[in-house]
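So the structure is just underneath, and the comments pick up after that.
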Amino acid sequence: MNARLDELKARLLEVNDLGSAAAVLRWDQATYMPPGGAGARGRQLATLGRLAHEKFTDAALGRLLDALERETRDLPRDADDVSLVRVTRREYERSVRVPAAFVSEMSEHDAHSYQVWTEARPANDFARMRPLLEQTLDLSRRLAGFFPGYESIADPLIDYSDPGLKAAAVRLLFAELRERLVPLVRAITAQPPADDSCLRQHAPEADQLAFGLGVIRRYGFDLERGRQDKTHHPFMTKFSLGDVRITTRVREDDLTDALFSTLHECGHALYEQGIRHEYDGTPLAEGASAGVHESQSRLWENLVGRSRGFWEHFYPRLQASFPAQLATVPLETFYRAINRVARSLIRTDADEVTYNLHVMLRFDLELDLLEGRLEVKDLPDAWRTRMMTDLGLSPPDDRDGALQDVHWYAGLIGGQFQGYTIGNILSAQFFAAATRAHPAIPGEIARGEFGALHAWLRENVYQHGAKFTADELVERATGSPMSIEPYLDYLWRKYQPLYGLGGAGPPRG
Ligand code: ZN
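Just so we're aligned, residue 183 is where the sequence shown starts under our numbering, counting upward by one.
Shown next, in the form of structure tokens:
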């Protein structure tokens, strides 16, 4: 069995090396590559992708898995080797069912669609995207068709980002959350909005970057095993567990935009840097799911980075970095500004209360498209109607409506958005469990110390990588299945005093 395990790991390492090389090329494309490199870069990525797919779907790898499954049958499910075989099998089955020709067709279509979208969105030209989006919908349906036996056609697509999660479960979860969230949004937005003009001031890029880097070093981001660079749309990527990259974007007319984006990506990076080193180069060296990954970015960005305690420590330091902008602005004014809640058109600019309504809208429209209740040509109208119902405002054009997010224009329709809201829900559940185990955590945060929180997350979440499913991980770490209660409780405790809301708890339906 050991010889077979060694062979499996050697094969997986080759696949991983090809994937990591592609990740370096993609990172470079989004940071330093001159425009003239675009054509060759696309080809290089396609070549690496094809080689990795060929190696991973090799029938010999399937036979190895068959043998190893027999040999590890009596070992405990959470043993590392058993987990490696199980997780590799899940990904192997997913890869062999999809023909290589379809994978190429899809990636060519994605690249083309993305290219057109970069022009069509600024031009507010949905008509130009429509045939491409119809093709994307067709491809998404065909992809789901390789996995017959599903309940919802969205299930196999959701499975790519949140393994095991079903559309029906998401629908239920979102309905429950929506019922409790809408009254809270209504109660908050009935109050005068917080004044955030103190954030809209010129702040030099170098000072913003230095401040952000100082905070994430305190968080525990290891610069020996990571770095930060600039990009247009911030993201995290990794080339190995010893090299985890984050990117950020600086707007000099906004004091905290780059900071919160840096804290967000740092949360993703802390997860990756915390995975057990023995898993490097295998399918176990990943997050458990998109939702769990997002829970870590949101936890460090919002539950920590937008908390009052955090700013009791860091605000005097921020004022020292930006004296001309903030010297006369009280902490309370700044704290209210960074936690301003307002109905808005753009998901990525939305505050942590209304954000989920943007996500639910997209999730439901994806299902409507996939399940045939909505045609692509009617998408812009459906978007406007739903925005009006949920947020009480309607985008004046498609640029800020159905053309807004890159997701559908550079990938699948289906499974693209649920992880964001699941991340919000889980961020509060993990944070509550950590503070139950270590009641000193809030006091530490107010002193700019994050050691106990980071250690709890490493121990209970990060080190396991993809070994457990999201459900298993949440249950093990927090003692209960995923629940919206810690999240609603967190929102209420934070926003009730901020907006002077009446009542003993979150408003009900
Ligand atoms: Zn994220």
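Glycine residues also receive a C-beta, built at the ideal position from the N, C-alpha and C atoms.
Just so you know, these numbers come straight off a predicted model, no measurement behind them.
With a threshold of 6 Å, the Cβ atom of GLU358 does not count as near the ligand ZN, since no heavy atom of the ligand is closer than that. Here ILE528 is exposed, its C-beta having fewer than 16 other C-beta atoms within 10 Å. Per the C-alpha coordinates, the member of LEU573, ASP436, PHE308, SER526 positioned closest to LEU508 is ASP436. DSSP lists VAL426 as the bridge partner or partners of GLY408.
Each of ASP188, ALA532, LEU200, ILE520 was checked against the Cα of ALA376, and the nearest Cα belongs to ILE520. The beta carbon of GLU476 sits closer than 6 Å to at least one heavy atom of the ligand ZN. Annotation: the stretch 593 to 674 contains no complete segment of the beta strand (DSSP E) (minimum length 3 residues).
Straight-line measurement puts the Cα of ALA302 at about 49 Å from the Cα of GLY625. Under the DSSP assignment, TRP299 falls in the alpha helix (DSSP H) whose first and last residues are 282 to 302. Between the ligand ZN and the CB of SER295, the shortest heavy atom gap is not smaller than 6 Å.
Beta-bridge annotation (DSSP): MET418 is paired with ILE428. Looking from the CA of LEU575, the closest CA among PHE632, LEU319, HIS540 belongs to HIS540. For PHE328, the number of other beta carbons within 10 angstroms of its own is below 16, and it is reported as exposed. In the DSSP annotation of this structure, the continuous segment of the alpha helix (DSSP H) that includes VAL352 starts and ends at 349 to 371.
With a threshold of 16 other beta carbon atoms within 10 Å, MET542 meets it and is buried. A residue is called buried once 16 or more other Cβ atoms fall within 10 Å of its Cβ, and SER662, having fewer, is exposed. Rounded to whole angstroms, ALA305 and THR318 show a C-alpha spacing of 21 Å. The straight-line gap separating the alpha-carbon atoms of PHE650 and GLY218 is approximately 43 Å. Cβ neighbours of ARG255 within its own chain (closer than 6 Å, five residues either side excluded): none.
Put simply, of ASP579, SER334, ALA283, PRO512 the residue whose alpha carbon is nearest the alpha carbon of ASP546 is SER334. For CYS448, the enclosing alpha helix (DSSP H) stretches over residues 439 to 455. Contact check between the stretch 579 to 591 and the stretch 604 to 612: fewer than three CB pairs, one atom from each, fall below 8 Å, which does not count as touching.
Non-local C-beta neighbours of ALA388 in its own chain, meaning closer than 7 Å and more than five positions away in sequence, are absent. Nearest C-alpha to TYR296 among ARG208, GLY593, VAL285: GLY593. Out of ARG581, ASP199, GLY244, LEU227, the CA that lies nearest to the CA of LEU187 is found in GLY244.
For MET183, no alpha helix (DSSP H) encloses it, and the DSSP letter there is neither H nor E.
Where GLY473 is concerned, the enclosing alpha helix (DSSP H) starts and stops at 472 to 480. Rounded to the nearest whole angstrom, the CA to CA distance from SER609 to ASP344 is 16 Å.
Within the same chain, Cβ atoms closer than 7 Å to the Cβ of THR438 are found at LEU381, ILE520, the five residues on either side in sequence being excluded.
Where ARG433 is concerned, there is no enclosing alpha helix (DSSP H), because DSSP gives it neither an H nor an E.
Taken through DSSP and simplified to helix, strand or coil, THR567 comes out as helix.
Around the beta carbon of MET570, a 10 Å sphere encloses fewer than 16 other beta carbons of the protein chains shown; the residue is thus reported as exposed.
In the structure shown, HIS459 falls within a helical segment according to DSSP collapsed to helix, strand and coil.
For the 7 Å CB-CB criterion, LEU230 and ALA203 form a contact. DSSP, read as helix, strand or coil, puts GLY201 in helix.
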